[in-house]
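Written out below as structure tokens is the structure these notes cover.
In our numbering, the protein residues as written are 703 to 1062.
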């Protein structure tokens, strides 16, 4: 398919992006293992989120779609799947469901597409094994497909080598099915959607700085209206900032502090982005974001800020192309082991448009 895009003379209007992917995954998975029935509204779009629903259905979860796009999840006890669970291209589905499957009293096999089968899984398999999980896989469990055999889990104290919300969430989920307390120490802050949703669903999570702990327990089903995805919103924000005559309002965006690194980075570059109509919905902070034409300046971005904007690095690189000076983005090597090498892809695509981009 060929498409021709012409820059409009003015860029003004209101936009509401699809539901947040991270929260959508968790709303479906957590309600599937919870007691009761829940309605999920504004569930995100895309193949990854469809993979989560497919895997849950494969485990016997009843998911009923409604005409308004919402669906009802009837949670409870999962059942042994009759076939291999296919997570498609979704790393979040794969890693979060690994934590769930490790604690189930049955055997299951989980795999995904070629990209998933090449992504590192030792970062979840190793600590799950320390908890007593029986997990096997290719290359000693370093690669999918992964096989889970029901085992008796016990809580652990574990120092995570990388700040990863996916790994943290997998281990916290396993902790729900373990005996004793599970305590995780992170090297830096990562997304805390799991902790917030656990609390809203009746499970206590204790946080002390970079340490998070959970004890075994049952979640209680909870209706969820998923806020708009800040990763999707970022493209509209950058479009508004970089256009010479623009004012773009992006509505109902999730502005969890562990996800708003993109707003901090754009502010460092001199972007005119305002946060309006702030409120809390379902335990998550939500707001409207307004981006206006801006003169950007170069900056250096790295360290603890990266986990808070890791998915927005490509669009941040685009914004840097409109900034005066040389912008440097460091400490983002995690993007090389996503579904693709996002750093290389960003360089290639921006270079095609005439930008000067160098990989460090």
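Heads up, the beta-carbon is just placed ideally off N, CA and C, and yes, glycines get one too.
Tell me, please, which residues DSSP counts as bridged to residue i.
i	result
residue 765	775
residue 839	848
residue 956	988
residue 856	881
residue 1052	Note: residue 1052 sits in no beta bridge, so no partner.
residue 812	787 and 848
residue 795	Note: residue 795 sits in no beta bridge, so no partner.
residue 713	948
residue 1003	1031
residue 910	913
residue 721	930
residue 982	987
residue 977	991
residue 861	887
Judging by CA-CA distance, which residue of the options is the nearest neighbour of residue i?
i	options	result
residue 1030	1041, 970, 965 and 915	970
residue 976	986, 957, 983 and 984	957
residue 865	758, 847, 826 and 982	826
residue 885	908, 879, 717 and 1040	908
residue 762	776, 919 and 944	776
residue 1091	948, 801 and 928	Shown here, the chain extends from 703 to 1062; a query on residue 1091 therefore has no answer.
residue 964	946, 937 and 984	937
residue 915	858, 926, 903 and 966	858
residue 863	1051, 1025 and 912	912
residue 820	903, 708, 709 and 796	796
residue 725	717, 860, 899 and 850	899
residue 917	926, 888, 925 and 875	875
residue 1057	1043, 1036, 1025 and 1044	1025
residue 773	966, 1048, 992 and 925	925
residue 1014	1002, 961, 906 and 737	961
residue 813	718, 935 and 848	848
residue 954	732, 714, 705 and 719	719
residue 733	715, 759, 959 and 946	759
residue 809	815, 800 and 717	800
residue 867	887, 851 and 850	887
residue 832	842, 843, 850 and 860	860
Return the chain-ordered list of same chain residues with a C-beta closer than 6 Å to the C-beta of residue i, the five sequence neighbours on each side being excluded.
i	result
residue 871	798 and 896
residue 973	943 and 996
residue 721	744, 745, 746 and 928
residue 767	773
residue 753	789, 790, 792 and 795
residue 998	971, 972, 1024 and 1025
So, using beta-carbon positions, are residue i and residue j closer together than 8 Å?
i	j	result
residue 739	residue 1000	no
residue 881	residue 856	yes
residue 811	residue 786	yes
residue 990	residue 952	yes
residue 877	residue 853	no
residue 940	residue 869	no
residue 823	residue 845	yes
residue 750	residue 790	yes
residue 807	residue 873	no
residue 1061	residue 1045	yes
residue 921	residue 1047	no
residue 715	residue 950	yes
residue 978	residue 988	no
For residue i, which residues of its own chain have a beta-carbon under 7 Å away from its beta-carbon, when the five flanking residues on both sides are left out?
i	result
residue 755	730 and 765
residue 1052	1019, 1020, 1023 and 1059
residue 770	none
residue 818	789, 791, 793, 796 and 846
Between residue i and the rest of its own chain, which residues show a CB-CB distance below 8 Å, the 5 nearest in sequence each way excluded?
i	result
residue 723	746, 748, 750, 751, 794, 931 and 933
residue 1028	1000
Spell out whether any CB of chain D is found under 8 Å from the CB atom of residue i.
i	result
residue 1034	The chain inventory of the structure shown lacks chain D, comprising one protein chain alone.
(message) Under 8 Å, with one C-beta from each stretch per pair, do the stretch 888-902 and the stretch 1005-1012 reach the 3-pair mark?
(response) Judged by Cβ distances under 8 Å, the stretch 888-902 makes contact with the stretch 1005-1012, as three or more pairs qualify.
(message) I'd like to know if the stretch 1032-1039 and the stretch 978-993 are in contact, where contact means that at least 3 CB-CB pairs between them fall below 8 Å.
(response) By the Cβ test, the stretch 1032-1039 is not in contact with the stretch 978-993, since fewer than three Cβ pairs between them sit closer than 8 Å.
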